[in-house]
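Trainee:
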Amino acid sequence: MHITVPGGQDIEYAGEGRLKDILVEQNKALLKEFIAARLGDVRIDFHTQLEADARVELISWDDPEAAWIYRHSLSHVLAQAVLRLFPEAQLAIGPAIEDGFYYDFDVEEPFTPEDLSKIEREMKRVIKQNHKFERIDVSRAEALDMIDSATYKKEILDDLEEGQQLSFYKDGEFVDLCRGPHMLGTGQVKHFKLLSVAGAYWRGDEKRKMLQRIYGTAFSTREALDAHLKMLEEAKKRDHRVLGRQLGLFHIDEEVGQGLILWTPNGAVIRNELQNFISAELRRQGYSQVFTPHIGKLDLYRTSGHFPYYQESQYPPLIDHDHLQGLAEEGCTCGELSNQMEAGDIDGYLLKPMNCPHHIKIFASQMHSYRDLPVRLAEFGTVYRWEQSGELGGMTRVRGFTQDDAHLFCTEDQIAGELLGCLDLVKIIFGTLGMEDYRVRVGLRDPDSSKYVGDPAKWDRAEEACRQAARSLGVQFSEEPGEAAFYGPKIDFVVRDVVGREWQLGTVQVDYNLPERFDLQYVDAEGKTQRPVMIHRAPFGSMERFVAVLIEHFAGAFPVWLAPVQAVVLPIAERHAEYAEGFYEKLRAAGVRVELDAANETLNKRIRQAQMRKVPYMLIAGDREIEEEQVSVRLRSGENLDPLSVDQAVELIQSKVSEKALI
């Protein structure tokens, strides 16, 4: 077999055997230098039995894949510690996740912060004991015996296909059903921290039992762990759910419904300013604004393919009351009703999950010549998706959201130019908002998959157009085969915020499928009908998600042009109130979003309150200011500027707004 050793001399080995034994025979030091290996595209650990002619590549500790292995291993350490302290706990699942790991437990009482401290101390004991991970391959009958009465593990086992290789991993007294891979022993990674505990429905199904999920994070070095914990602390300060309440930007009310955002006046200012900003850019690029209803007939979504294929992520259809009552009287069951709807025997309406079918109908409402193309239709359209309650989170994962959606109908020759226009719009948005640390993903089709629709030659041209457009951005981009939508390639934007987290914001997608499904046409120069190509694009994506990211990116201290309140006028004492009110009225008349705070509180307290609300400018009026017909200016950062007259204050704020200045 051939063993690739990154940065070292490769190993040729005759015969077969367990990878660990082979490395011990060749060079025992490799077991410390590397954590596991790859066999083709599969990660394996050193316990794996290899056949002759196997070709493997060792995985070093600084390889990104290493983190998934030691974090998964630490999820076993977590479960082991919990069982030592809470022997009656039932184990569910414990995977590695981005930057950490978790394990789900069924326990009688929820874990407390004190419990987490005890569990963390016990994990450190397990690590100090340095139990070796041992892989045990078993038959299904043996697996059932080993699981015994473990309810959740048995359900997992029942879902595995017959004939699938089954394995357990043992370290010390702890044994768990697991496919691996793992480290050699529990003592190899000591740098971890338990972060939190939360409720989690078994398998994400809110009809199933609520389990206790313990989250942790781990890194191969203390320095990396400390840096990550510092980032988490900074992210906690920027949490949009906390700042959203503090700044009065949005509200979620149980009586309205989970995942449905109520934009309060302050939040509405931010949303309107963003919409006005992008609308001005769209007008410059030749877009036409449209408006469409929040619902559409089921047949519309049958044609588009959204119903019934994505039925589980949509709200139930709306059916005529009299028709529904008649079906009930006939004894129609829910299952029969669902089958009839899928078959098209029953019509109704659907809360729209996407805007594209509506825009398609606008395009199709009149015949187009090639001279009309491209046709660019844009809408801030609200769509609805049924997300599991356990997956909802503030404004980042919701059930109703508004997209800055647009659909472009063009000829094949126009695809490249239209993609460049879409990407230019994204660059303007990200640059204006100071979100310049981003990367680009180009999703291509998997040549070995049959899920993609359309002519391969057209795919080739569209994919090359996406590549060329991505290159024009001058930023890092990656090509990812298999990540294209089934109807065409796409370009996604992944933004890194100021604390290092990545967010997928904005997408551009080329679509050959929907024009075919809806039989869209235009007349070419020779008078023949042709099929247009459709481009989907949404630079903001979801307005809710985008604003949530902005809240955290700016830590609530929005640039002046986005700030809900741009200035607050503060009279020092009651005798200064009349002057302050006149100053306030002049600012307001000039279009400044300004407030007057003449409350019976100390000036310092009112300044602190304005700073807590992240107001950019505090304009202070006292005896000297009245005498000089000016105000003293204090920034939310605590810095003091020179005094300003009304005209100067208006000019300052308006210049910041017109420049879209970040500070």
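Residues 2 to 664 in this note's numbering are what the sequence shown lists, from first letter to last.
Each residue gets a CB set at the ideal place from its N, CA and C atoms; glycine is no exception.
Just so it is clear, the structure is predicted and the values come from calculations on it, not from any experiment.
Report the rounded CA-to-CA distance for K103 versus M124, giving the unit in angstroms.
Mentor: It is worth fixing the name first, because residue 103 is Tyr in this sequence and not Lys. Each residue's Cα considered, the two are about 13 Å apart.
Trainee: By DSSP, does I98 sit in helix, in strand, or in coil?
Mentor: The answer is strand: DSSP assigns I98 an E or B state.
Trainee: Rounding to the nearest angstrom, what Cα-Cα distance links Q50 and G101 in this structure?
Mentor: Distance between the alpha carbons of Q50 and G101 is about 28 Å.
Trainee: Quick one: which unbroken alpha helix (DSSP H) runs of 4-plus residues sit fully inside the segment 104 to 151? Chain order, please.
Mentor: 114 to 130, 141 to 148, all fully within the segment 104 to 151.
Trainee: Would you kindly work out how many angstroms separate the C-alpha atoms of A432 and N601, rounded to a whole number?
Mentor: Residue identity differs from the one stated: residue 432 is Gly in this sequence, not Ala. Going from the Cα of G432 to the Cα of N601 covers about 43 Å.
Trainee: Relative to the alpha-carbon of V454, which residue among V399, G435, D512 has its alpha-carbon at the smallest distance?
Mentor: When only C-alpha atoms are compared, the closest one is D512.
Trainee: Output needed for G95: all residues of its chain with C-beta closer than 6 Å, excluding positions within five of it in sequence on either side, in chain order.
Mentor: The residues are S76, A80, Y104.
Trainee: So the beta strand (DSSP E) V632 belongs to, where does it begin and stop?
Mentor: It spans 632 to 636 - the beta strand (DSSP E) in which V632 sits, taken as one unbroken run.
Trainee: Taking the beta strand (DSSP E) that R39 falls in, what are its first and last residues?
Mentor: First-last of the beta strand (DSSP E) with R39: 35 to 40.
Trainee: Going along the chain, which residues of its own chain have a beta-carbon closer than 7 Å to the beta-carbon of I128, five neighbours each way excluded?
Mentor: Taken in chain order, the residues that qualify are V78, T187, G188, K191.
Trainee: Have a look at P354 and I320 and give me their C-alpha separation to the nearest angstrom.
Mentor: Near 17 Å, if we compare the C-alpha coordinates of I320 and P354.
Trainee: Have a look at F251, A219, F169, K428 and flag the residue whose alpha-carbon is nearest the alpha-carbon of P65.
Mentor: It is A219.
Trainee: Using only CA atoms, which one of F584, D498, I430 lies nearest to K661?
Mentor: Looking at the Cα atoms, I430 is the closest of the given residues.
Trainee: Could you check what DSSP says for F541 in three-state terms: helix, strand or coil?
Mentor: Three-state DSSP puts F541 in coil, outside helix and strand.
Trainee: If you follow the alpha helix (DSSP H) that P318 is in, where does it begin and where does it stop?
Mentor: Taken as a continuous stretch (DSSP letters only), P318 belongs to no alpha helix (DSSP H), as it is neither H nor E.
Trainee: For W387, which beta-bridge partners are listed by DSSP?
Mentor: Its beta-bridge partners do not exist; DSSP assigns none.
Trainee: Leaving out five residues on either side along the sequence, give the residues of the same chain with a beta carbon under 7 Å from the beta carbon of S646.
Mentor: Excluding residues within five positions, the ones whose Cβ falls inside 7 Å are E630, Q631.
Trainee: Which residues in the same chain have their Cβ closer than 6 Å to the Cβ of M436, if we skip the five residues on either side of it in sequence?
Mentor: Closer than 6 Å at the Cβ level, and outside the excluded window around M436, lie V496.
Trainee: When the Cα of L275 is compared with those of L248, W562, H252, V569, which residue comes out closest?
Mentor: Checked all of L248, W562, H252, V569; the closest Cα to L275 is W562.
Trainee: Can you look up V291 in the DSSP assignment and give me helix, strand or coil?
Mentor: It is coil, neither helix nor strand.
Trainee: On the criterion of 16 or more Cβ atoms from any shown chain inside 10 Å, does N273 qualify as buried, or is it exposed?
Mentor: With fewer than 16 other Cβ atoms within 10 Å, it is exposed.
Trainee: Taking a contact to mean a Cβ-Cβ separation below 8 Å, would you say E234 touches Q389 in this structure?
Mentor: It is not a contact, given that the beta carbons lie outside the stated cut-off.
Trainee: Pick from C357, R538, A549, P533: whose alpha carbon is nearest that of P375?
Mentor: Ranking the options by Cα distance to P375, first place goes to P533.
Trainee: On the DSSP bridge list, what partners appear for S76?
Mentor: BP columns for S76 are empty, so no partner.
Trainee: Pick out whichever of L145, F547, C423, L31 has its Cα sitting closest to the Cα of E156.
Mentor: It is L145.
Trainee: For R442, does the three-state DSSP call read helix, strand or coil?
Mentor: Here R442 sits in strand by DSSP.
Trainee: Measure the alpha-carbon distance for S638 versus Y618 and round it to whole angstroms.
Mentor: Taking the straight line joining both Cα atoms gives about 9 Å.
Trainee: Can you tell me which of the three DSSP states I215 falls into?
Mentor: In this structure, I215 counts as strand in the three-state DSSP scheme.
Trainee: Name the residue from V476, P114, G422, E26 whose alpha carbon lies nearest to the alpha carbon of R442.
Mentor: When only C-alpha atoms are compared, the closest one is V476.
Trainee: Taking 8 Å as the cut-off, does the segment 551 to 570 touch the segment 512 to 529 (at least 3 CB pairs, one atom from each stretch)?
Mentor: No, the segment 512 to 529 is not in contact with the segment 551 to 570.
Trainee: Could you tell me the distance, in whole angstroms, from the CA atom of R607 to the CA atom of L642?
Mentor: Whole-angstrom Cα-Cα distance: 18 Å.
Trainee: Please determine if the segment 107 to 121 and the segment 241 to 257 are in contact, where contact requires at least 3 C-beta pairs separated by less than 8 Å.
Mentor: These segments do not touch.
Trainee: If you draw a straight line from the C-alpha of H183 to the C-alpha of D138, how long is it?
Mentor: Distance between the alpha carbons of H183 and D138 is about 14 Å.
Trainee: What number of angstroms, rounded off, separates the C-alpha of G327 from the C-alpha of H252?
Mentor: Each residue's Cα considered, the two are about 40 Å apart.
Trainee: For G16, name the three-state secondary structure that DSSP assigns.
Mentor: Note: G16 maps to coil in three-state DSSP.
Trainee: My output table needs one value for W62: the three-state DSSP class, helix, strand or coil.
Mentor: Of the three classes helix, strand and coil, the one that applies to W62 here is coil, per DSSP.
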